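In the UniProt record's numbering, the protein residues as written are 1 to 384. For reference, the structure discussed in these notes is given below.
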């Protein structure tokens, strides 16, 4: 298992613009994106509309390419997904700026409209997906398993849907921390002085934002009230437990961030990656602050390769694609349906950090309000 690198891809309005490639302002051949019956892949809202998966795969192979942005191979098992798609369908997946973020993707959609270097598909933080849908940037498309995705995790008219995600968790270097914390309340103990880190700044980092939200839920807050989370980290900073060193594989290896609050699929990836180096990295979802966040898939309404874009979505939401997410410790959106159908990889599922109950999610309005509040308050709360 390779070490995951973080994507700062949940908060809106804080990320850099992707540079457009100097390609021509023309899209893929319309002939390649048209089925034998004359139907256009660009207007297909289901695979059935285009004649089925086989017809879609045939048209996608004629297009020859799928263009994406911000898909790191070591994030939620994208490397295996890309390789699997290419091998199965004979279509080249081009990934521009793999360490980019959601805003980079949206900027590319808007700045490259009508050009053949525009992204075909998008992997977005849900707040980004909601905004992009409202701006008319996304195509309506329902994958075969769309109805099995929980209602709260998909757009009502199929412009986006959650694909994978996880919970805020504590990663802990058991060789440097005598007793690993299991709750946010534990983090306040004096034995953790200078040891508690975040994966970035919550005004920019999705996982750090989630950490503050989780801390709020653990301290009497709610999706409408993130202030208790900010107050918690202010207290953690005041008693010397919070360190401003941001978590990376290097800081973990050096012992600079022996306790890291991050997504469980990232922390679980570290466990495998560091085992051979003798580092005992343990992961737990805090008992008093369960907060879950998922990433969404969408298709550019003006995708240069519309058949390949739709085929990619079908692959990601197929049992094969969803089980590859599981192997990367990410929780697939279709997990409950796959358990019911008996198609889930039970071995991979058993390795996930344990959680209780069913996740709930803040609305777009609640997320935007929390984001604004953090932007206004975080600096003062944790300043020296």
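Idealized CB from N, CA, C, for every residue including glycine. Quick caveat, the model's predicted, so the values are computed rather than measured.
Supposed close pair residue i, residue j - CB separation, criterion 8 Å
| i | j | result |
| --- | --- | --- |
| residue 226 | residue 373 | 6 Å |
| residue 195 | residue 243 | 7 Å |
| residue 118 | residue 108 | 6 Å |
| residue 184 | residue 239 | Going by Cβ atoms, the distance from residue 184 to residue 239 rounds to 13 Å, so no, they are not a contact pair. |
| residue 295 | residue 163 | 6 Å |
| residue 337 | residue 148 | 4 Å |
| residue 282 | residue 348 | Contact doesn't hold; Cβ gap of about 19 Å is too wide. |
| residue 345 | residue 323 | 4 Å |
Through-space distance from residue j to residue i, alpha-carbon basis
| i | j | result |
| --- | --- | --- |
| residue 215 | residue 56 | 45 Å |
| residue 113 | residue 302 | 7 Å |
| residue 89 | residue 358 | 36 Å |
| residue 217 | residue 204 | 20 Å |
| residue 136 | residue 122 | 14 Å |
| residue 306 | residue 352 | 35 Å |
| residue 270 | residue 326 | 15 Å |
| residue 267 | residue 279 | 13 Å |
| residue 252 | residue 331 | 24 Å |
| residue 299 | residue 154 | 14 Å |
| residue 350 | residue 261 | 22 Å |
| residue 354 | residue 289 | 13 Å |
| residue 259 | residue 201 | 16 Å |
| residue 6 | residue 47 | Interpretation of residue 6 is limited by its pLDDT of 44, a score under 50 that renders its predicted location unreliable; no figure is taken from the coordinates. |
| residue 192 | residue 287 | 18 Å |
| residue 231 | residue 99 | 31 Å |
| residue 132 | residue 297 | 12 Å |
| residue 340 | residue 52 | 25 Å |
| residue 54 | residue 356 | 40 Å |
| residue 379 | residue 156 | 37 Å |
| residue 45 | residue 313 | 12 Å |
| residue 375 | residue 190 | 29 Å |
Residue i classed as buried or exposed, judged by whether at least 16 other C-beta atoms fall within 10 angstroms
| i | result |
| --- | --- |
| residue 293 | buried |
| residue 134 | exposed |
| residue 111 | exposed |
| residue 250 | exposed |
| residue 371 | buried |
| residue 159 | buried |
| residue 221 | buried |
| residue 178 | exposed |
Cut-off 6 Å between Cβ atoms - residues of its own chain near residue i, not counting five sequence neighbours on either side
| i | result |
| --- | --- |
| residue 181 | 170, 187 |
| residue 387 | In the structure displayed, the chain extends from 1 to 384; residue 387 sits before or after that span and is not available. |
| residue 317 | 143, 145 |
| residue 92 | 65 |
| residue 263 | 166, 207 |
| residue 315 | 85, 321 |
| residue 211 | 168, 198, 261 |
| residue 255 | 176 |
| residue 246 | 200 |
| residue 83 | none |
| residue 284 | 170, 182 |
| residue 67 | 94, 119, 120 |
| residue 257 | 197, 245, 247, 251 |
Option nearest residue i by Cα separation, candidates the options
| i | options | result |
| --- | --- | --- |
| residue 209 | 174, 50, 366, 49 | 366 |
| residue 197 | 307, 220, 172 | 172 |
| residue 39 | 272, 45, 46, 50 | 50 |
| residue 59 | 323, 309, 376 | 309 |
| residue 76 | 261, 381, 329, 189 | 329 |
| residue 161 | 383, 362, 346, 334 | 334 |
| residue 125 | 286, 346, 382, 362 | 362 |
| residue 120 | 230, 94, 44 | 94 |
| residue 224 | 233, 213, 231, 234 | 213 |
| residue 42 | 255, 138, 193, 103 | 138 |
| residue 81 | 311, 190, 189, 61 | 311 |
| residue 248 | 45, 273, 356 | 273 |
| residue 377 | 189, 286, 229, 277 | 229 |
| residue 343 | 360, 324, 319, 356 | 319 |
| residue 87 | 61, 97, 96, 67 | 61 |
| residue 360 | 257, 291, 313, 375 | 291 |
Neighbourhood of residue i by C-beta distance below 7 Å, restricted to the same chain and skipping five residues each side
| i | result |
| --- | --- |
| residue 63 | 28, 32, 33, 305, 307, 308 |
| residue 130 | 364 |
| residue 237 | 382 |
| residue 105 | 69, 70, 119, 122, 124 |
| residue 16 | Reliability of the predicted coordinates at residue 16 is poor, the pLDDT of 32 falling under 50, and no value is obtained from them. |
| residue 97 | 18, 69, 70, 104 |
| residue 233 | 212, 215, 242, 381, 382 |
Own chain partners of residue i with C-beta closer than 8 Å, once the 5 adjacent residues on each side are dropped
| i | result |
| --- | --- |
| residue 235 | 188 |
| residue 276 | none |
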